[in-house]
Every structure is written in structure tokens, then in C-alpha cells.
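Engineer:
In our numbering, the protein residues as written are 12 to 416.
1. Could you work out which residue in 14, 29, 21, 57 is closest to residue 377 when comparing CA atoms only?
2. What number of angstroms, rounded off, separates the C-alpha of residue 238 from the C-alpha of residue 365?
3. Leaving out five residues on either side along the sequence, give the residues of the same chain with a beta carbon under 6 angstroms from the beta carbon of residue 268.
4. Which residue's Cα is closest to the Cα of residue 120: 335, 105, 96?
5. What are the boundary residues of the alpha helix (DSSP H) that includes residue 270?
6. What are the boundary residues of the alpha helix (DSSP H) that includes residue 240?
7. Taking the C-alpha atoms as reference points, what is the distance between residue 117 and residue 62?
8. If you count every other CB in all the chains shown that lies within 10 Å of the CB of residue 310, and 16 or more means buried, which is it?
9. What is the DSSP secondary structure of residue 165, counted as helix, strand or coil?
10. Where DSSP assigns a beta bridge to residue 107, which residues make up the other side?
11. For residue 178, count neighbouring C-beta atoms within 10 Å of its own C-beta (all shown protein chains included) and say buried if the count is 16 or more, exposed if not.
12. CB-CB under 6 angstroms to residue 280, same chain, minus the five flanking residues each way: which ones, in chain order?
13. Say yes only if the C-beta of residue 154 is nearer than 6 angstroms to one or more non-hydrogen atoms of the ligand PLP, and no if none qualify.
14. Residue 297 to residue 220, Cα distance in whole Å?
15. Between which two residues does the alpha helix (DSSP H) harbouring residue 97 extend?
16. Assuming the contact rule is C-beta atoms closer than 8 angstroms, residue 78 and residue 334 should be a hit. Round their C-beta distance to whole Å, please.
17. So, with DSSP's three-state summary, where would you put residue 35?
18. Can the beta-carbon of residue 270 be found closer than 7 angstroms to that of residue 166?
19. By a C-beta neighbour count over all protein chains shown, 10 Å radius and 16 as the cutoff for buried, is residue 22 buried or exposed?
20. May I ask which residues mark the beginning and end of the alpha helix (DSSP H) holding residue 361?
21. Contact between the stretch 235-253 and the stretch 183-198: three or more CB pairs below 8 angstroms?
22. What's the gap between the Cα of residue 44 and the Cα of residue 38?
23. Under the assumption that residue 273 contacts residue 241 (Cβ atoms under 8 angstroms), give the Cβ distance between them as a whole number of angstroms.
24. Is residue 22 helix, strand or coil by DSSP?
25. Counting only the same chain and skipping the five closest in sequence on each side, list residues whose C-beta sits under 6 angstroms from that of residue 387.
26. Between 83, 40, 356, which lies nearest to residue 231 when the distance is taken from Cα to Cα?
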């Protein structure tokens, strides 16, 4: 980590992203609680989450645009636009309209698609390959670690002062991130604009992704697992209200417990990756998430809290392992297109699953939905463990490979 923080640009980036991560974590839970309070429906809360993840289904259509521009100024302006995007929440009153919450959630999801693709490319340009795992680990530890306090603070501020205050704070954190991005001095190479047809250029990311064996195996396996895990987002509210008999705002407590596990998971992920390799790290993370979901099934506070912590522990391992594998295996000029193509493969089944969960939660016992999700993730994790290559090292593409894509 010392070598990582010796990099001036990374120090600035880290300082700018931390408050933005806090604001995002607070707003995300508040949007779902807000929709639940306005409608009294678990399905309404699930639809808020659906609105956030839905934009990822069109990610490849914008990925090639991100590859055509320099990442630093692009991220600066997207953060500034996101600050404006959340302000309509100031118009939501005690009776709604709830559609404004869905609209902002959709806009926030669109921002996440663009931000994730561009940030992956910015980190690759900013840091040497051997520091990417540490950088991903640190950023994920901060992002997931915010669940220690941000959901509690967000839910508490929402209960005391209303959602508009949380929205205004999140807008301010976006502006802080934009200002810090303006101070970076990253030496980005000039974007390559290949003389190809639009559809051919857009499909380049998918061609590379599906042609690279390890990436293909990990992304497709994760997509299969996410096909079953979507209802967990909606079922979380049923766990709190029906299983534990607590108010919706108690969801913030469970997410904070998830953050406890997330901090531990993110701090240990680099060491795990060095010992197991990226694919096995993803696999073990999936198994842990499966175990965490299974512990949400009993109507026991101890079991649910333990499940939240274990779920939080597994998430950084699979997220950091996946992100590092993607960055190390993908050429810089294709970074956004490969990232958004992978996002499409992961988000489409997850989006459909969340939509199905929002409908099924009204007619199917939430415990059955959780059991199916836990079983699916366990099977996916075992598959990745069994199919992992013997070699741990994950080399980057050669320059010859980059030119051939």
C-alpha cells in the first residue's frame, strides 16, 4: 500500500472518491426505504433497485464512446452531471411522487455504468499492473466498508430530516469528486479511433471477452449465478419485516453488518489473490456469499447478522478478483468496451432476476427465494473452483495480442 500511496494521482483520486462513496451508499439505501415508506410495498423497494441496475443492459452501446475519449475529463463531467441528476429528489414530498425516486435511481444506475467503465481505464493508465490488485482492493474496501456507517447515517438522517437532505449531501460529494478529478495529471495515451463500422467497433469488446478463456469462464459463470440472486435484494426487506419483525429502516443495520465483513474481505483480498489467483478468489467469494444468503433464511437475529457479515466478507473477494482479472487481461484501448460487455452479461440476468423477485416476493415465500439463490451461487462457485487452471499467475495480454484485437 505504501507504493500505491506514493503515487500522487492515486492519493488525490482516493481522497475524492471516499466522500462520494459515502454519499452513494447512504442514498442507495434511502431510495429503497423511501419507496417502501411511500407505498408500503416490498415490491416498490425492489423496483428501486431494479431501476439502478437496468441501465447496465445497454452498457455496450456506450462503452465504445468511453474508449474514444480520455477518461479523466470524462469522469469529471459525469460526476458533475450526477450532482445535478439527484436534485429532483428535493421535490419528493410526504406523498410522492414515487416515480421521481425511480427516475433518479435509473439516472444513478446510468452514472454507475459510465463511471465503472471509465474508472477501470483510468486506473490502468495511472498504475503499473502489479499495483492494480492493491488499488482495486483499497477502493472496494472503502466502497463496501462504507456500509459500516453510511446506511445507518443515511437511514437516520432520512428518518429525522427526510430524503431531500440525503440527496443534497450526495450531490455535494459528486462535486467534490469532480473537483479532485480536475487536479489529476494522468498521462493518458491518445484514444485510438479505428476506421471500422460502428457495430464492428461496438462489438470489439464482446469479441475479446468471449475469446479470452479465463475471462469468458468467470464472466459467464458469474452471469449464471446472478440469474438467481436478484430476488435477494427485494427479500432483504422481507427478512427484516416478516422474519425479524423490525421496521424497514433496520435494513440499514444489516447493511452495516455487511460492511464489517466487507472491510475484512477487502483487506485480505490481495493476499488471497496472490495465493489462489483471480479465478479461485472469485470462486471462494461466491461460496461465502452463498453461505451468507443461506443464513438469512432463519427468523433469528443472530443468524441474519452472521449471514450479513459472511455475505459482506465474500463480496469483495469476488468483486476485486473479477475487476483485477478484467484489468490485467484487457488491453487499454479496449478497456471500456470489454468492461461494458462484461457488465451486460452480468447485469442482464441480474436485472431480469430482480424484476422477477419484485413480482415473486408477493406470492412466493421469501425463504424459498433465498434458498434458490444460495444454491445457485454455491454451484457457480464450485464450478469455478474445479475449472480454474493450475497456474496462479494471470499475465497481461502481450503487445502483439493488443495489436491483433
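Glycine residues also receive a C-beta, built at the ideal position from the N, C-alpha and C atoms. All of these numbers come straight from a predicted model, not from anything done at the bench.
Structural biologist: In brief:
1. 57
2. 9 angstroms
3. 316, 319, 320
4. 96
5. 262-287
6. 224-240
7. 5 angstroms
8. exposed
9. helix
10. 104
11. buried
12. 148, 327, 328, 331
13. With respect to small molecules bound, the structure shown includes none, and the ligand PLP cannot be examined in it.
14. 21 angstroms
15. Where residue 97 is concerned, there is no enclosing alpha helix (DSSP H), given that its DSSP letter is neither H nor E.
16. About 17 angstroms; that fails the 8 angstroms criterion.
17. helix
18. no
19. exposed
20. 346-371
21. no
22. 10 angstroms
23. 20 angstroms between Cβ atoms; not a contact.
24. helix
25. 236, 239
26. 356
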